[in-house]
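Visitor: The sequence shown begins at 11 in the numbering used here and counts up by one.
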Amino acid sequence: MCCEPRLFFEGRLPLEDLEPLLRSLDNRSFSSIKIKHYNHAYDDLVRRHFSRNDKTTITVASDSWTEDELELFRSHVYSGDFWNLRISGNREHPFTSADFGLLFEKIWAMPRYPDNVFVMLDTVFERKAIEDIRVFRGDVRRQQNENSYFWQRDDGLCVVATIDEDEDMVMINSAFDGFESQH
Numbered sequence: 011m012c013c014e015p016r017l018f019f020e021g022r023l024p025l026e027d028l029e030p031l032l033r034s035l036d037n038r039s040f041s042s043i044k045i046k047h048y049n050h051a052y053d054d055l056v057r058r059h060f061s062r063n064d065k066t067t068i069t070v071a072s073d074s075w076t077e078d079e080l081e082l083f084r085s086h087v088y089s090g091d092f093w094n095l096r097i098s099g100n101r102e103h104p105f106t107s108a109d110f111g112l113l114f115e116k117i118w119a120m121p122r123y124p125d126n127v128f129v130m131l132d133t134v135f136e137r138k139a140i141e142d143i144r145v146f147r148g149d150v151r152r153q154q155n156e157n158s159y160f161w162q163r164d165d166g167l168c169v170v171a172t173i174d175e176d177e178d179m180v181m182i183n184s185a186f187d188g189f190e191s192q193h
């Protein structure tokens, strides 16, 4: 993984230029893919990297997500076929309480890996979802401060949700922190 190239799409390419470029990358593998203005043209590239489960870090953002595009990422997050994933810019299609619950349970059920496996969502959630996050899984939740909530498994897996109420944004991070509980 150390020697695999990284791929970064920052601008908005016309579809007629983007599609041949993406086809030329069909047989390539990348350690990191960043897409600043995501659209459907990138779906196959992203699907390939998810299906390989080759520890690719995928960062995607868009100021005009469609529900179908977000559904592609939801399906991969729920399947566990990700290494590191970050999604942002979904103001038009906020995530729900069910999205948070499914994501949390999928992460919570992950086996311990020798390296960190995590997902970061810097995403807009419905107002009700934000209220639900505040009380979610009280059996393993601790409040770090007024807008930060922390859940930790005995083997060190941590899930942290930080809420920005002004923007209805929730940043969710998860990783193994190296801490082993002494029970």
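Don't be surprised by glycine CBs; every beta carbon is placed ideally from N, CA and C.
Determine the direct distance from the alpha carbon of E136 to that of P104, and round the result to whole angstroms.
Guide: Mapped onto the sequence shown, residue 104 falls at position 94. Mapped onto the sequence shown, residue 136 falls at position 126. Distance between the alpha carbons of P104 and E136: 6 Å.
Visitor: Measure how close the beta-carbons of I97 and V169 come, nearest whole angstrom, since I'm counting them as under 8 Å.
Guide: As a working mapping, residue 97 is identified with position 87 in the sequence shown. As a working mapping, residue 169 is identified with position 159 in the sequence shown. So it is not a contact: roughly 16 Å between Cβ atoms.
Visitor: What does L17 pair with, by DSSP beta-bridge criteria?
Guide: Translated into positions along the sequence shown, residue 17 becomes position 7. Bridge partners of L17: I43.
Visitor: Could you have a look at S184 and say whether DSSP puts it in helix, strand or coil?
Guide: As a working note, residue 184 is residue 174 in the sequence shown. Reduced to three states, the DSSP call for S184 is strand.
Visitor: Between which two residues does the beta strand (DSSP E) carrying V170 extend?
Guide: By 1-based counting over the sequence shown, the position of residue 170 is 160. L167 to D174 is the span of the beta strand (DSSP E), which, as asked, contains V170.
Visitor: Counting along the chain, where does the beta strand (DSSP E) carrying A71 start and finish?
Guide: The residue labelled residue 71 in the question sits at position 61 within the sequence shown. It spans T67 to A71 - the beta strand (DSSP E) in which A71 sits, taken as one unbroken run.
Visitor: My guess is that S85 and T66 are in contact by the Cβ rule of under 8 Å, so how many angstroms apart are they, rounded?
Guide: On the sequence shown, position 75 is the one that residue 85 refers to. On the sequence shown, position 56 is the one that residue 66 refers to. Not a contact, Cβ separation roughly 16 Å.
Visitor: For a test of the three-state rule: what should DSSP assign to R163, helix, strand or coil?
Guide: Counted from its first residue, the sequence shown places residue 163 at position 153. It is coil, neither helix nor strand.
Visitor: Hey, would you say T133 sits closer than 8 Å to N100, going by beta carbons?
Guide: As a working mapping, residue 133 is identified with position 123 in the sequence shown. As a working mapping, residue 100 is identified with position 90 in the sequence shown. In contact: T133 and N100 (Cβ atoms closer than 8 Å).
Visitor: Quick check on DSSP: helix, strand or coil for L25?
Guide: Within the sequence shown, numbered from 1, the residue matching residue 25 stands at position 15. Note: L25 maps to helix in three-state DSSP.
Visitor: Do A51 and E29 count as a contact pair if the criterion is CB distance below 8 Å?
Guide: Mapped onto the sequence shown, residue 29 falls at position 19. Mapped onto the sequence shown, residue 51 falls at position 41. Yes. Within cutoff.
Visitor: Answer yes or no: do I182 and I140 have a C-beta to C-beta separation smaller than 8 Å?
Guide: Mapped onto the sequence shown, residue 182 falls at position 172. Mapped onto the sequence shown, residue 140 falls at position 130. Contact: no.
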